[in-house]
Structures are given as structure tokens and as C-alpha cells.
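Undergrad:
In our numbering, the protein residues as written are 22 to 249.
1) On a Cα-Cα basis, can you pick out the residue from 154, 159 and 180 that is closest to residue 170?
2) Can you give me the C-alpha to C-alpha distance between residue 63 and residue 81, rounded to a whole angstrom?
3) Tell me the DSSP secondary structure of residue 136 in three-state form.
4) How is residue 175 classed by DSSP in three states: helix, strand or coil?
5) Going by CA-CA distance only, name the one from 41, 157, 102 and 195 that's closest to residue 120.
6) Under a three-way DSSP split, which group does residue 215 fall into?
7) Note the first and the last residue of the continuous alpha helix (DSSP H) segment covering residue 76.
8) What three-state label does DSSP hand residue 167 in the structure shown?
9) So, residue 143 versus residue 179, is the Cβ gap smaller than 8 Å?
10) Would the beta-carbon of residue 77 fall within 8 Å of that of residue 248?
11) Can you name, in chain order, every residue of its own chain whose Cβ lies under 7 Å from the Cβ of residue 246, other than the five neighbours on each side?
12) Relative to the alpha-carbon of residue 52, which residue among 92, 38 and 70 has its alpha-carbon at the smallest distance?
13) Kindly indicate the opening and closing residues of the alpha helix (DSSP H) around residue 181.
14) If you follow the alpha helix (DSSP H) that residue 228 is in, where does it begin and where does it stop?
15) Rounding to the nearest angstrom, what Cα-Cα distance links residue 243 and residue 196 in this structure?
16) Write down the C-beta distance between residue 228 and residue 209 rounded to the nearest angstrom, noting that I regard them as a contact closer than 8 Å.
17) Comparing C-alpha positions only, which one of 175, 126 and 167 sits nearest to residue 150?
18) Apart from the five residues just before and just after residue 238, which ones in its own chain have a Cβ nearer than 6 Å to its Cβ?
19) Would you kindly report the start and end of the unbroken alpha helix (DSSP H) that includes residue 41?
20) Which of the three DSSP states, helix, strand or coil, is assigned to residue 81?
21) Taking the alpha carbon of residue 126 as the reference point, which residue from 216, 164 and 79 has its own alpha carbon closest?
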């Protein structure tokens, strides 16, 4: 039997269908995030050609690309009708893109640390975990479940192991923007899981946009502003 209730209990959908106002609010939040990412990302890459070292530019392109990718896939997935055949495919891409985005966000900061043993090790661990998570979400997403949230958080906060090195290489403002962005993502997860709350998805994505914006400004500070 195919009913809306049955559909909404699958691994690729939320616990309940969203109302039209909730979908509109979520779309607006995503739209704001995409506009901010395009605007600040363009500024970052434009100035990066003059202010960054040759090995820093690829890291910035990867970072901005992963940010735009995750926001656009998230928008498509969350606004896609529950009964659409594309919903399942978009869910795989959405959840896999988050891993790419987390690793992509770390990459510019790790490049700033240089080729030290600690930065190389943490970089390999971050990308290894992210690629593993991506593969699981793309090929066996139904077996991963909410364990992915634990892995998202684990990768996201793995930077604490190089916090002292980051503190010595990053401008003070950028360091606290980095921490603040991580807190936005972590606090936002409360609303992501609070499925009974009206507009919970829009609120969750609001925290995502806030965290991503703080991190984007942090990268701008490190790579451009502090060098002017």
C-alpha cells in the first residue's frame, strides 16, 4: 500500500511532509545562503589570484565549489516533492555532498598550516573519513542512518586536535569565526532532529547558512583581508 505516511517513513525523507509555508521558508533560507556564497565566494576567488600562494588557490576553488554544491543540492532535495522518483537520488547526493563540504572547508586552513606532520595526518584523516562517508551515502545510504550525524560531527570537530597550530597561524578573528561556525552547525542539529517543530527544517538550514557564512568570512580574513 502506498500512502503519504508510508512514503515519509523511508530513509530518504523526513518524518512528516512539510507544509507549503515551511517549504517556502526553507527555499528562502537556501536562496539567501546561495546568494551569500556566490557573492563572497566571487570576492574570495577574485582577490585570491593576487593575494594567495600558488598552492592555496586550488584549495580555495575546492572550498567554494563544495559550498555551492552542497547548498544547491540541498535546495533541490528539500524542495523536491516527496513522491518524486528523483527524491531518493537527491537524498544520496545531498548527504554525500555534506561530507565533501566539511572536508572542503577544512582544506584552506590546513594548507595555511603548511606540510607539518600534524596537518598532514589530520588532513588525511579528514579526507579519508569524508570519502568513506560519501561512498556509504552514495551506495548503501539505508545502512548508515543517523550514524552519519555522528561522523559529520566527528569530522567537523576534528580540528580541535590542531587547535594550537591554527591559533598560531590564523588571525584571531578568523579563529573565533571558525569556532563560531562549528557551534552554529552543532546547535542547528537540535532543530534538524526536532521534527515535530514547525519550520524545523528552515531553522536548521538557517543555522547551516550562518555557520557557512562565518567560515567563509574566516577564509576571507585569512587569505585576503589580513594580507592587504
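For each residue, glycine too, the CB sits at the ideal point set by N, CA and C. Model, not experiment: these values are computed from the prediction.
TA: Judging by the given coordinates:
1) 154
2) 11 Å
3) coil
4) helix
5) 157
6) coil
7) Taken as a continuous stretch (DSSP letters only), residue 76 belongs to no alpha helix (DSSP H), as it is neither H nor E.
8) coil
9) yes
10) no
11) none
12) 92
13) Note, residue 181: premise wrong, no alpha helix (DSSP H); not H, not E.
14) 221-244
15) 9 Å
16) 3 Å
17) 175
18) 198
19) 41-72
20) helix
21) 79
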